[in-house]
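Chemist: The sequence shown begins at 172 in the numbering used here and counts up one residue at a time.
For each residue, glycine too, the CB sits at the ideal point set by N, CA and C.
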Amino acid sequence: MATTTTSDSNEGPAKPTARRASRAKSSATQHEKSDRPSNGANGNGHDHAFGTGAMVGAAAAGLIAGLAATIGRKAAVQAVSAFSGDWFDSIKAEHQAARKIFDKLEATENSQTAKRGLLLMQLKHALAKHAFEEENVLYPSLRDHGDPDQADHLNHEHGYVKQYLFDLEHMPRNNRAWTDKIVEFRAELEKHMREEEESIFPSLHEKLGPKGNGELSAAFNREGFKLA
Ligand SMILES: [Fe+2]
Ligand SMILES: [Fe+2]
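1) Which of the three DSSP states, helix, strand or coil, is assigned to lysine 378?
2) Just checking, does the stretch 290–299 make contact with the stretch 333–340 on the three C-beta pairs under 8 Å criterion?
3) Can you tell me whether alanine 348 is buried or exposed? The criterion is at least 16 other CB atoms within 10 Å of its CB, across all chains shown.
4) May I have the straight-line CA-CA distance separating lysine 382 from threonine 350, to the nearest angstrom?
5) Can you list every residue whose CB sits closer than 6 Å to some heavy atom of ligand 1, going in chain order?
6) Which ranges would you report for the alpha helix (DSSP H) in the stretch 310–336 if only whole runs of at least 4 residues count?
7) Under the rule that 16 or more other beta-carbon atoms within 10 Å means buried, what is valine 354, buried or exposed?
8) Can you name the start and end residues of the alpha helix (DSSP H) that threonine 350 belongs to?
9) Expressed to the nearest angstrom, what Euclidean distance is found between the alpha-carbon atoms of leucine 379 and glutamate 280?
10) Can you have a look at glutamate 305 and say buried or exposed, based on whether 16 or more other CB atoms are within 10 angstroms of its CB?
11) Using the three-state DSSP reduction, which class does threonine 284 fall into: helix, strand or coil?
12) Are three or more beta carbon pairs between the stretch 357–372 and the stretch 306–321 nearer than 8 Å?
13) Quick check on glutamate 265: buried or exposed, where buried means 16 or more other Cβ atoms within 10 Å of its Cβ?
14) Measure how close the beta-carbons of leucine 398 and alanine 299 come, nearest whole angstrom, since I'm counting them as under 8 Å.
15) For the alpha helix (DSSP H) that histidine 266 lies in, which residues bound it at each end?
16) Take the Cβ of arginine 393 as the centre, count every other Cβ of all protein chains shown within 10 Å, and call the residue buried at 16 or more, exposed below.
17) Give me the Cα-Cα distance between glutamine 321 and aspartate 315, rounded to the nearest whole angstrom.
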């Protein structure tokens with residue numbers, strides 16, 4: 172497989188300043204070790220204990236910051252659909268979000284290979300979460316409510332969504348063949364989304380009624396949050 176060439180400026184090598192900072196930090200740690208009295212600065216050994224406590228505190232703070240960042244990311248990704256309430260509105264919002272990523276992809280030039288890679292990654296993430304929700308919640312509900320063939324048909328098409336994503340990831344991103352593949356992918360996905368939006372899901376929504384739709388919306392949002 173040919174290797175993609177990139178011309179975008181944000182794909183440069185790791186910055187030397189990061190290595191310098193790392194060396195300075197290492198040197199400072201050595202200095203601290205050599206200056207530290209073996210029995211504590213005041214002779215009672217407590218400074219070492221304090222140092223350990225500070226390290227534990229810093230590690231805990233880092234862990235909390237990491238958790239907060241993860242929760243923040245999940246909330247931001249989930250925001251496309253989590254607050255729309257009804258599962259069917261969420262589905263339509265997520266389809267629209269995918270269409271917007273395709274718009275951006277189609278507007279790129281052949282030289283913008285890094286941007287294409289980033290947008291493709293966003294599309295893959297958005298579609299993976301969407302497929303997870305549909306395959307784990309909506310399609311099982313379709314089967315339980317008398318439409319197993321439609322559920323299997325939609326599930327089968329999801330396999331080809333993954334095929335397009337795989338092919339696009341492994342093709343050079345700096346030529347017309349790549350954008351042609353994007354256009355073909357969008358056309359196929361558009362048919363799938365329209366079928367869901369205009370016939371299959373409206374029929375399920377009608378069958379379920381308010382209580383059933385409320386339960387399905389809760390299950391849908393729980394599933395989405397797992398992959399956000
Ligand atoms: Fe689908
Ligand atoms: Fe969908």
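Modeler: In terms of the structure at hand:
1) It is helical.
2) Contact between the stretch 290–299 and the stretch 333–340 is present, because at least three Cβ pairs lie under 8 Å.
3) By the neighbour-count criterion, in which a residue is buried when 16 or more other Cβ atoms sit within 10 angstroms of its Cβ, alanine 348 is exposed.
4) Approximately 44 Å between the Cα atoms of the pair.
5) So the residues near ligand 1 by this Cβ test are Glu305, Leu325, His329, His363 and Glu367.
6) Taking only runs of at least 4 residues, the alpha helix (DSSP H) segments lying wholly in the stretch 310–336 are 310–315.
7) That one is exposed.
8) Where threonine 350 is concerned, the enclosing alpha helix (DSSP H) stretches over 347–366.
9) The straight-line gap from Cα to Cα measures roughly 46 Å.
10) Under this definition glutamate 305 is a buried residue.
11) The answer is helix: DSSP assigns threonine 284 an H, G or I state.
12) Yes, the stretch 357–372 touches the stretch 306–321.
13) By the 10 Å Cβ count, glutamate 265 comes out buried.
14) By a beta-carbon distance limit of 8 Å, leucine 398 contacts alanine 299. Their separation comes to about 7 Å.
15) It spans 258–277 - the alpha helix (DSSP H) in which histidine 266 sits, taken as one unbroken run.
16) With fewer than 16 other beta carbons inside 10 angstroms of its own, arginine 393 counts as exposed.
17) Approximately 12 Å, taken between the alpha carbons.
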